[in-house]
Amino acid sequence: MSAGRFAPSPSGDLHLGNLRTAILAWLFARASNRRFLVRVEDLDRQRSRPEFERSQLDDLAALGLTWDPPVVRQSDRDDLFAAALARLTDAGLTFECFCTRREIADAVRAPHAPPGSYPGTCRDLTESERAARRAERPPAIRLRAEADEWTVRDELRGEITGHVDDLVLRRGDGAHAYNLAVVVDDGDQGVDQVVRGADLLDAAPAQAYLAHTLGLPAATYAHVPLALTADGRRLAKRDGAVTLRDLTPAQAWDLIGASLGVGARSPEALLSELDPWEISLDPWIVTP
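Per the working numbering, the sequence shown starts with residue 754, numbered consecutively.
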(Lines of atoms letter the chains of each structure in order from A and count residues from 1; the text may use other names and numbers.)
(Lines give C-alpha, C1' and ligand atoms only; values in the text may rest on other atoms or scores of the structure.)
Protein backbone atom coordinates (compact mmCIF):
# COMPACT_ATOMS: atom_id res chain seq x y z
CA MET A 1 0.00 0.00 0.00
CA SER A 2 1.29 3.45 -0.92
CA ALA A 3 2.29 5.95 1.74
CA GLY A 4 3.22 9.49 2.62
CA ARG A 5 5.61 10.38 5.40
CA PHE A 6 7.07 12.95 7.76
CA ALA A 7 10.78 12.47 8.37
CA PRO A 8 12.32 14.87 10.91
CA SER A 9 15.92 14.93 12.06
CA PRO A 10 16.11 14.62 15.87
CA SER A 11 18.50 17.53 16.34
CA GLY A 12 16.14 19.91 18.14
CA ASP A 13 12.52 20.66 18.98
CA LEU A 14 10.03 20.92 16.14
CA HIS A 15 9.01 24.54 15.56
CA LEU A 16 5.74 25.79 14.09
CA GLY A 17 7.00 25.46 10.51
CA ASN A 18 8.01 21.83 11.09
CA LEU A 19 4.67 21.10 12.78
CA ARG A 20 2.75 22.70 9.91
CA THR A 21 4.66 20.55 7.41
CA ALA A 22 3.90 17.44 9.48
CA ILE A 23 0.19 18.31 9.55
CA LEU A 24 0.16 18.89 5.79
CA ALA A 25 2.03 15.62 5.14
CA TRP A 26 -0.62 13.83 7.23
CA LEU A 27 -3.39 15.66 5.39
CA PHE A 28 -2.06 14.84 1.91
CA ALA A 29 -1.66 11.17 2.86
CA ARG A 30 -5.07 10.74 4.46
CA ALA A 31 -6.85 12.76 1.74
CA SER A 32 -5.42 10.37 -0.87
CA ASN A 33 -6.10 7.20 1.17
CA ARG A 34 -2.45 6.53 1.87
CA ARG A 35 -0.69 5.28 4.95
CA PHE A 36 1.09 7.96 6.93
CA LEU A 37 4.55 7.07 8.23
CA VAL A 38 6.98 8.76 10.60
CA ARG A 39 10.68 8.16 10.00
CA VAL A 40 13.51 9.42 12.19
CA GLU A 41 16.34 10.64 9.95
CA ASP A 42 19.21 10.35 12.42
CA LEU A 43 22.18 9.78 10.11
CA ASP A 44 23.91 12.80 11.65
CA ARG A 45 25.18 11.03 14.75
CA GLN A 46 26.80 14.18 16.16
CA ARG A 47 23.61 16.26 16.22
CA SER A 48 20.94 13.58 16.71
CA ARG A 49 19.71 13.07 20.26
CA PRO A 50 17.29 10.43 21.65
CA GLU A 51 15.64 13.07 23.81
CA PHE A 52 14.75 15.12 20.73
CA GLU A 53 13.34 12.05 19.01
CA ARG A 54 11.07 11.46 22.02
CA SER A 55 9.99 15.10 22.21
CA GLN A 56 9.27 15.26 18.48
CA LEU A 57 7.07 12.16 18.57
CA ASP A 58 5.34 13.50 21.69
CA ASP A 59 4.67 16.82 19.93
CA LEU A 60 3.11 15.10 16.91
CA ALA A 61 0.91 13.05 19.21
CA ALA A 62 -0.05 16.16 21.20
CA LEU A 63 -1.41 17.71 17.98
CA GLY A 64 -3.53 14.60 17.42
CA LEU A 65 -1.50 13.20 14.54
CA THR A 66 -1.56 9.43 14.17
CA TRP A 67 0.76 7.34 12.05
CA ASP A 68 1.06 3.78 10.86
CA PRO A 69 3.71 1.85 12.81
CA PRO A 70 6.54 1.21 13.11
CA VAL A 71 8.62 4.36 13.48
CA VAL A 72 11.75 3.66 11.41
CA ARG A 73 15.18 5.03 12.30
CA GLN A 74 17.74 5.47 9.55
CA SER A 75 20.57 4.59 11.93
CA ASP A 76 19.19 1.03 12.05
CA ARG A 77 19.24 0.54 8.29
CA ASP A 78 22.89 0.63 7.23
CA ASP A 79 22.66 -2.87 5.73
CA LEU A 80 19.87 -1.72 3.43
CA PHE A 81 21.85 1.30 2.25
CA ALA A 82 25.01 -0.79 1.77
CA ALA A 83 23.10 -3.27 -0.39
CA ALA A 84 21.78 -0.47 -2.62
CA LEU A 85 25.26 1.02 -2.93
CA ALA A 86 26.67 -2.39 -3.85
CA ARG A 87 24.09 -2.78 -6.65
CA LEU A 88 25.08 0.56 -8.11
CA THR A 89 28.78 -0.25 -7.83
CA ASP A 90 28.33 -3.66 -9.47
CA ALA A 91 26.56 -1.89 -12.35
CA GLY A 92 29.52 0.51 -12.80
CA LEU A 93 27.47 3.48 -11.61
CA THR A 94 29.73 4.75 -8.83
CA PHE A 95 33.23 6.15 -8.53
CA GLU A 96 35.63 7.12 -5.77
CA CYS A 97 35.96 10.84 -5.07
CA PHE A 98 38.85 12.37 -3.13
CA CYS A 99 37.87 16.05 -3.44
CA THR A 100 37.56 18.30 -0.42
CA ARG A 101 34.72 20.78 -0.16
CA ARG A 102 37.18 23.60 -0.82
CA GLU A 103 38.46 21.90 -3.99
CA ILE A 104 34.90 21.47 -5.26
CA ALA A 105 34.03 25.08 -4.46
CA ASP A 106 37.12 26.37 -6.27
CA ALA A 107 36.88 24.08 -9.33
CA VAL A 108 36.11 25.29 -12.84
CA ARG A 109 32.77 23.97 -14.14
CA ALA A 110 31.09 23.64 -17.49
CA PRO A 111 29.21 26.82 -18.47
CA HIS A 112 25.76 25.24 -17.94
CA ALA A 113 26.53 23.68 -14.56
CA PRO A 114 24.86 25.34 -11.53
CA PRO A 115 27.02 26.81 -8.75
CA GLY A 116 28.10 24.24 -6.19
CA SER A 117 27.61 21.25 -8.47
CA TYR A 118 30.28 18.58 -8.67
CA PRO A 119 32.75 19.35 -11.48
CA GLY A 120 33.61 15.71 -12.28
CA THR A 121 37.19 15.92 -11.02
CA CYS A 122 37.53 12.27 -9.98
CA ARG A 123 35.19 10.65 -12.49
CA ASP A 124 37.88 9.32 -14.81
CA LEU A 125 40.95 8.84 -12.63
CA THR A 126 43.17 5.91 -13.51
CA GLU A 127 43.67 3.11 -11.00
CA SER A 128 47.16 4.37 -10.21
CA GLU A 129 45.83 7.88 -9.62
CA ARG A 130 43.14 6.51 -7.30
CA ALA A 131 45.70 4.44 -5.40
CA ALA A 132 47.91 7.48 -4.89
CA ARG A 133 44.99 9.55 -3.58
CA ARG A 134 43.79 6.77 -1.27
CA ALA A 135 47.13 7.08 0.48
CA GLU A 136 46.26 10.70 1.27
CA ARG A 137 42.62 10.39 2.33
CA PRO A 138 39.78 7.84 2.26
CA PRO A 139 37.42 8.36 -0.70
CA ALA A 140 33.78 9.24 -0.75
CA ILE A 141 31.63 7.23 -3.16
CA ARG A 142 29.65 9.20 -5.75
CA LEU A 143 26.94 8.26 -8.20
CA ARG A 144 28.12 8.21 -11.81
CA ALA A 145 25.06 10.03 -13.14
CA GLU A 146 24.16 9.33 -16.76
CA ALA A 147 21.72 12.24 -17.09
CA ASP A 148 22.23 15.97 -16.75
CA GLU A 149 18.67 16.72 -15.64
CA TRP A 150 15.50 15.00 -14.52
CA THR A 151 11.82 15.94 -14.26
CA VAL A 152 9.55 15.29 -11.28
CA ARG A 153 5.88 15.92 -10.68
CA ASP A 154 5.07 18.30 -7.83
CA GLU A 155 1.40 18.19 -6.83
CA LEU A 156 1.41 21.92 -6.03
CA ARG A 157 3.82 23.29 -8.62
CA GLY A 158 3.48 21.02 -11.66
CA GLU A 159 6.45 19.51 -13.49
CA ILE A 160 9.86 20.54 -12.16
CA THR A 161 13.02 19.89 -14.18
CA GLY A 162 16.32 20.23 -12.41
CA HIS A 163 20.01 19.45 -12.51
CA VAL A 164 21.27 15.93 -11.73
CA ASP A 165 24.61 15.81 -9.97
CA ASP A 166 27.07 13.03 -9.15
CA LEU A 167 25.56 12.68 -5.69
CA VAL A 168 27.65 11.56 -2.73
CA LEU A 169 26.33 8.14 -1.69
CA ARG A 170 28.85 7.34 1.04
CA ARG A 171 31.02 9.89 2.77
CA GLY A 172 34.75 9.61 3.26
CA ASP A 173 34.22 8.61 6.90
CA GLY A 174 32.23 5.56 5.76
CA ALA A 175 28.76 6.90 6.68
CA HIS A 176 26.02 6.58 4.10
CA ALA A 177 24.88 9.94 2.78
CA TYR A 178 21.43 11.44 3.20
CA ASN A 179 20.52 11.35 -0.50
CA LEU A 180 21.07 7.59 -0.69
CA ALA A 181 19.33 6.91 2.62
CA VAL A 182 16.21 8.95 1.91
CA VAL A 183 15.72 7.41 -1.54
CA VAL A 184 16.28 3.84 -0.34
CA ASP A 185 14.04 4.33 2.69
CA ASP A 186 11.21 5.78 0.62
CA GLY A 187 11.43 2.90 -1.83
CA ASP A 188 11.57 0.28 0.91
CA GLN A 189 8.61 1.75 2.79
CA GLY A 190 6.37 2.24 -0.23
CA VAL A 191 6.47 6.04 0.05
CA ASP A 192 5.19 7.39 -3.25
CA GLN A 193 4.09 10.82 -1.98
CA VAL A 194 6.79 13.07 -0.52
CA VAL A 195 5.47 16.15 1.27
CA ARG A 196 8.20 18.41 2.66
CA GLY A 197 9.42 21.99 2.83
CA ALA A 198 10.04 24.07 -0.27
CA ASP A 199 13.73 24.36 0.67
CA LEU A 200 14.17 20.78 -0.61
CA LEU A 201 12.58 21.41 -4.01
CA ASP A 202 15.94 21.68 -5.79
CA ALA A 203 16.99 18.27 -4.42
CA ALA A 204 13.98 16.43 -5.84
CA PRO A 205 15.14 15.86 -9.47
CA ALA A 206 18.48 14.29 -8.46
CA GLN A 207 16.84 12.15 -5.77
CA ALA A 208 14.18 11.02 -8.24
CA TYR A 209 16.90 10.16 -10.75
CA LEU A 210 18.70 8.07 -8.12
CA ALA A 211 15.42 6.26 -7.36
CA HIS A 212 15.00 5.55 -11.08
CA THR A 213 18.56 4.25 -11.30
CA LEU A 214 17.86 1.88 -8.41
CA GLY A 215 14.71 0.64 -10.16
CA LEU A 216 12.35 2.17 -7.60
CA PRO A 217 8.89 3.53 -8.48
CA ALA A 218 8.65 7.25 -9.14
CA ALA A 219 7.20 9.35 -6.32
CA THR A 220 5.15 12.50 -6.58
CA TYR A 221 6.14 15.51 -4.48
CA ALA A 222 4.44 18.38 -2.71
CA HIS A 223 6.90 21.02 -1.56
CA VAL A 224 4.95 23.15 0.89
CA PRO A 225 5.76 26.78 1.78
CA LEU A 226 8.26 27.52 4.52
CA ALA A 227 7.58 29.38 7.74
CA LEU A 228 9.56 32.63 7.74
CA THR A 229 10.11 35.50 10.12
CA ALA A 230 8.99 39.02 9.22
CA ASP A 231 12.47 39.79 7.88
CA GLY A 232 12.47 36.75 5.59
CA ARG A 233 14.60 34.35 7.64
CA ARG A 234 13.62 30.73 8.09
CA LEU A 235 11.85 30.26 11.40
CA ALA A 236 13.98 28.83 14.22
CA LYS A 237 13.55 28.02 17.89
CA ARG A 238 15.51 31.15 18.80
CA ASP A 239 12.66 33.28 17.40
CA GLY A 240 10.60 32.89 20.57
CA ALA A 241 7.35 31.07 21.30
CA VAL A 242 7.40 28.81 18.26
CA THR A 243 7.58 25.29 19.77
CA LEU A 244 5.31 23.26 22.01
CA ARG A 245 7.66 24.03 24.87
CA ASP A 246 6.08 27.51 24.93
CA LEU A 247 2.72 26.98 23.19
CA THR A 248 -0.20 24.72 24.02
CA PRO A 249 -1.39 22.37 21.27
CA ALA A 250 -4.54 24.49 20.95
CA GLN A 251 -2.47 27.66 20.44
CA ALA A 252 -0.33 25.91 17.84
CA TRP A 253 -3.46 24.73 16.02
CA ASP A 254 -4.90 28.26 16.08
CA LEU A 255 -1.74 29.65 14.48
CA ILE A 256 -1.35 26.85 11.92
CA GLY A 257 -5.05 26.80 11.10
CA ALA A 258 -5.07 30.55 10.54
CA SER A 259 -2.10 30.20 8.19
CA LEU A 260 -4.16 27.76 6.13
CA GLY A 261 -7.37 29.79 6.29
CA VAL A 262 -9.30 27.34 8.47
CA GLY A 263 -10.36 27.10 12.10
CA ALA A 264 -9.59 23.41 12.61
CA ARG A 265 -8.06 22.30 15.91
CA SER A 266 -7.56 18.64 15.02
CA PRO A 267 -6.32 16.62 12.05
CA GLU A 268 -9.78 15.14 11.48
CA ALA A 269 -11.40 18.58 11.41
CA LEU A 270 -8.74 19.81 9.02
CA LEU A 271 -9.42 16.86 6.71
CA SER A 272 -13.05 17.95 6.42
CA GLU A 273 -12.24 21.65 5.96
CA LEU A 274 -9.22 21.85 3.66
CA ASP A 275 -8.23 20.48 0.27
CA PRO A 276 -4.43 20.28 0.57
CA TRP A 277 -3.98 20.67 -3.17
CA GLU A 278 -5.47 24.18 -2.89
CA ILE A 279 -3.12 25.64 -0.26
CA SER A 280 -1.34 28.92 -0.96
CA LEU A 281 2.25 28.72 -2.15
CA ASP A 282 3.20 31.95 -0.38
CA PRO A 283 5.56 31.58 2.61
CA TRP A 284 3.93 31.69 6.03
CA ILE A 285 5.16 34.80 7.84
CA VAL A 286 5.20 33.99 11.55
CA THR A 287 5.23 36.73 14.19
CA PRO A 288 5.81 35.00 17.53
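Glycine included, C-beta positions come from ideal geometry on N, C-alpha and C.
- In the three-state DSSP reduction, Glu1026 falls in the helix class (H, G or I).
- The DSSP assignment places complete alpha helix (DSSP H) segments of no fewer than 4 residues inside the stretch 846–924 at 854–859 and 880–887, in order along the chain.
- About 5 Å separates the beta carbon of Leu816 from that of Pro1002, a gap short enough to meet the 8 Å contact definition.
- For Gly940, the uninterrupted alpha helix (DSSP H) run begins and ends at Tyr931 to Gln942, by DSSP.
- C-alpha of Leu963 to C-alpha of Thr1040: approximately 39 Å in a straight line.
- Looking at the backbone, the Cα of Ala956 and that of Ser1033 are separated by about 21 Å.
- Judged by DSSP secondary structure, Leu790 falls within the beta strand (DSSP E) whose first and last residues are Arg788 to Val793.
- A straight line joining the alpha-carbon of Thr904 with that of Thr996 spans about 36 Å.
- The three-state secondary structure of Asp945, taken from DSSP, is strand.
- For Ala860, same chain residues with a beta-carbon under 7 Å away, outside a window of 5 residues either side, are Pro872 and Thr874 in chain order.
- Fewer than three beta-carbon pairs drawn from the stretch 916–926 and the stretch 972–992 are found closer than 8 Å, and the two stretches are therefore not classed as touching.
- In this structure, the straight-line span from the alpha carbon of Asp832 to that of Gly1014 is close to 44 Å.
- Scanning Ala983, Phe851 and Arg897 for the CA closest to the CA of Asp843 turns up Arg897.
- At the C-beta level, Ala983 and Ile894 stay beyond 8 Å of one another.
- DSSP lists Val977 as the beta-bridge partner residues of Gly950.
- In the three-state DSSP reduction, Thr774 falls in the helix class (H, G or I).
- Ranked by how close their Cα comes to the Cα of Leu909, the residues Phe781, Asp766, Met754 and Ser762 have Phe781 in first place.
- Leu796 has its alpha-carbon roughly 8 Å from the corresponding atom of Ala930.
- Beta-bridge partners of Val825 (DSSP): Arg792.
- Apart from sequence neighbours up to five positions away, the residues of its chain that approach Pro891 with a beta-carbon distance below 8 Å are Gly925, Asp926 and Gly927, ordered along the chain.
- Contact between the stretch 959–979 and the stretch 784–800 is absent: fewer than three C-beta pairs spanning the two stretches fall below 8 Å.
- Residues of the same chain with a CB within less than 8 Å of the CB of Ser764, apart from the 5 flanking positions on each side, are Asp797, Arg800, Ser801, Arg802 and Phe805 in chain order.
- Here Phe834 is near Ala934, since their CB atoms are less than 8 Å apart.
- Excluding residues up to 5 positions away in sequence, Glu849 lie with their Cβ nearer than 7 Å to the Cβ of Arg883 in the same chain.
- Look at Ile1032 here: in three-state DSSP terms it is coil, with no helix or strand label.
- Ranked by Cα distance from Glu889, the options Arg758, Ile857 and Thr853 are led by Thr853.
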